[in-house]
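The structure appears right after this line, and notes come after that.
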Amino acid sequence: YRSLVLWLTAPHGNITNGEYLEWESQGEEGHAHCRGFNYSNGNLVVPVNGLYRVFLQITYESKTEYHCSVNELRLTNKVYKIWDGYNVDVPLLISVDTVSCSTTQWSKSLYTEGLFSLNANTRLRVSSSCPELIVKKECQMFFGAELRYLESTSHQ
């Protein structure tokens with residue numbers, strides 16, 4: 016099989032389409048690319064049955080106009096999968112960290128990855144607990160998948 020790799024980066028426009036993060040499939044710095052995958056409206060679409068490495072990094076930074084309502088801010092990223100016949104978000108990857116709200120300047124990068132057996136047409140999408148604090152730079156916000164092994168059987 017030919018190499019199937021998707022690397023999405025920080026969007027130029029809105030960071031969310033409501034509940035889910037938006038991504039740029041053609042990066043300014045040339046990092047983003049869709050080789051063999053489809054991407055639309057926050058959804059990465061798996062092209063063929065296989066074992067995939069799915070990865071996500073999001074960097075958050077403090078902003079002077081953002082005020083915490085609690086002592087600690089919980090930063091949570093989730094990668095969900097949705098497949099035909101089961102139109103419900105199923106968590107695939109979750110990364111979590113906390114920041115003290117008494118710290119005036121801070122930065123946190125959350126990275127997670129895993130190997131998953133996914134069927135063709137499964138959709139992957141990402142949510143964030145604090146999208147307003149995300150750093151919108153290609154090298155600090157990215158999401159993708161890479162086909163590691165082609166499978167012939169269908170399962171979820």
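The sequence shown begins at 16 in this note's numbering and counts up by one.
The beta carbon of each residue, even a glycine, is placed where N, CA and C say it ideally should be.
All of these numbers come straight from a predicted model, not from anything done at the bench.
By Cβ distance, which residues of its chain are closer than 7 Å to SER144, with the 5 residues on each side in sequence left out?
ARG89, LEU90, THR91
Does the pairing of the region 150-158 with the region 109-120 give three or more beta-carbon distances under 8 Å?
no
Residue range of the beta strand (DSSP E) that ALA160 falls in?
156-165
Which of helix, strand or coil does DSSP assign to GLU87?
strand
Once the 5 residues before and after LEU133 are set aside, which same chain residues still bring their CB inside 6 Å of it?
VAL61, TYR67
Tell me whether LEU88, by its Cβ, gets closer than 7 Å to a heavy atom of the ligand MG.
For the ligand MG, the structure offers nothing, since it holds no ligand at all.
Look at the Cβ atom of ILE149, then the Cβ atom of TYR95, and state whether they are nearer than 8 Å.
no
Could you tell me which residues DSSP puts in a beta bridge with LEU130?
ARG68
Within the continuous beta strand (DSSP E) that includes ASP104, where are the two ends?
101-115
As a quick exercise: from GLY100, THR127, ASN53, pick the residue whose alpha carbon is nearest that of VAL111.
THR127
By Cβ distance, which residues of its chain are closer than 7 Å to TYR81, with the 5 residues on each side in sequence left out?
GLU147, LEU148
Roughly how many angstroms separate the alpha carbons of ALA135 and VAL63, rounded to a whole number?
4 Å
Got a sec, what are the start and stop residues for the beta strand (DSSP E) TYR54 sits in?
53-55
Do you know how far the Cα of ARG163 is from the Cα of ASP99?
Between the C-alpha atoms of ASP99 and ARG163 there is a straight-line separation of about 22 Å.
Could you check where the beta strand (DSSP E) with THR24 kicks off and where it finishes?
20-24
If you draw a straight line from the alpha carbon of GLN72 to that of SER40, how long is it in whole angstroms?
15 Å
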